[in-house]
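Chains as they are written, first to last, in the working numbering: chain D, 30 to 138; chain G, 700 to 816. From the three backbone atoms N, C-alpha and C, an ideal C-beta is built for every residue, glycine too. Just so it is clear, the structure is predicted and the values come from calculations on it, not from any experiment.
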């Protein structure tokens with residue numbers, strides 16, 4: 030079942046922060062986050078496997094609340110290069126990755 | 700590491716013809732590969748799971764006789780769109796996961812943009 034992402038779109042000025050949420054009606058085994066630039070393939074950002082897990086790289090981090098069946102992606106001090114569509118992918122046990130509808134992020138100068 | 704090569708990058712074909720798209724894992728083995736389709740400004744929709752040495756598993760609503768999948772080796776899966784029609788025009792993306800690494804991320808090919816005229 031497709032996870033629900035919010036917001037659908039967001040516009041930021043450089044340096045501003047954003048949060049993208051991903052929730053599922055089913056128990057989650059893992060949550061994957063990807064960013065896709067227009068006309069390109071998705072690029073892996075990070076994967077969260079355990080409830081309560083948080084991780085990050087540079088100024089992008091994510092958390093996974095297993096009990097609430099949701100994950101959030103945090104973008105801090107956004108840069109122009111952060112623009113793109115962010116997808117969360119969820120997996121419930123031994124099932125393929127199912128992607129949300131995406132959140133379109135636009136960072137402007 | 701973990702490079703997935705997809706070929707061709709784009710193809711234009713006439714209605715009624717068939718098109719084959721290849722997906723190769725270059726530096727790892729992938730027992731399982733996944734084929735996604737993406738329409739403009741929409742999400743990646745899983746079409747089928749390709750299993751090496753056995754039949755593919757298709758998602759509901761995906762015609763298995765139209766989208767033929769062959770996973771002949773641990774590094775190659777092919778998707779053939781048979782009797783293509785304009786409504787099949789889309790961005791097709793394959794992905795693969797290292798064999799035995801169930802918790803690892805999916806590695807995506809660069810996609811194939813199919814245009815059926």
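Checking 8 Å against the spacing of the C-beta atoms, do residue i and residue j come in under that value?
i, j, result
"residue 56 of chain D", "residue 121 of chain D", "yes"
"residue 91 of chain D", "residue 83 of chain D", "yes"
"residue 779 of chain G", "residue 718 of chain G", "yes"
"residue 32 of chain D", "residue 53 of chain D", "yes"
"residue 729 of chain G", "residue 798 of chain G", "yes"
"residue 757 of chain G", "residue 765 of chain G", "no"
"residue 43 of chain D", "residue 109 of chain D", "yes"
Examine chain D for any beta-carbon lying closer than 8 Å to the beta-carbon of residue i, and answer yes or no.
i, result
"residue 809 of chain G", "yes"
"residue 727 of chain G", "no"
"residue 804 of chain G", "yes"
Would you mind working out which of the options sits nearest residue i, comparing C-alpha positions?
i, options, result
"residue 99 of chain D", "D/50, D/36, D/31", "D/50"
"residue 735 of chain G", "G/710, G/806, G/752", "G/806"
"residue 81 of chain D", "D/74, D/89, D/58, D/138", "D/58"
"residue 745 of chain G", "G/803, G/725, G/798, G/790", "G/790"
"residue 137 of chain D", "D/35, D/130, D/106", "D/106"
"residue 773 of chain G", "G/719, G/753, G/716", "G/753"
"residue 748 of chain G", "G/726, G/785, G/794", "G/794"
"residue 101 of chain D", "D/127, D/110, D/85", "D/85"
"residue 740 of chain G", "D/124, D/104, D/114", "D/114"
"residue 704 of chain G", "G/787, G/775, G/782", "G/775"
"residue 111 of chain D", "D/72, D/126, D/130", "D/72"
"residue 706 of chain G", "G/809, G/782, G/816, G/796", "G/809"
Is the Cβ of residue i closer than 8 Å to any Cβ of chain G?
i, result
"residue 116 of chain D", "yes"
"residue 125 of chain D", "yes"
"residue 79 of chain D", "no"
"residue 71 of chain D", "yes"
"residue 130 of chain D", "yes"
Bridge partners of residue i, per DSSP?
i, result
"residue 795 of chain G", "G/732, G/806"
"residue 114 of chain D", "D/65, D/133"
"residue 47 of chain D", "D/104"
"residue 35 of chain D", "D/50"
"residue 871 of chain G", "Any question about residue 871 of chain G goes unanswered here, given that chain G covers just 700 to 816."
With hydrogens ignored, establish whether the beta-carbon of residue i is closer than 7 Å to any heavy atom of the ligand GDP.
i, result
"residue 112 of chain D", "Absent from the structure shown: the ligand GDP. Ligands present: none."
What residue range does the beta strand (DSSP E) around residue i cover?
i, result
"residue 761 of chain G", "That residue, residue 761 of chain G, is in no beta strand (DSSP E); it is neither H nor E in DSSP."
"residue 39 of chain D", "38-42"
"residue 777 of chain G", "775-780"
"residue 811 of chain G", "811-815"
"residue 705 of chain G", "703-706"
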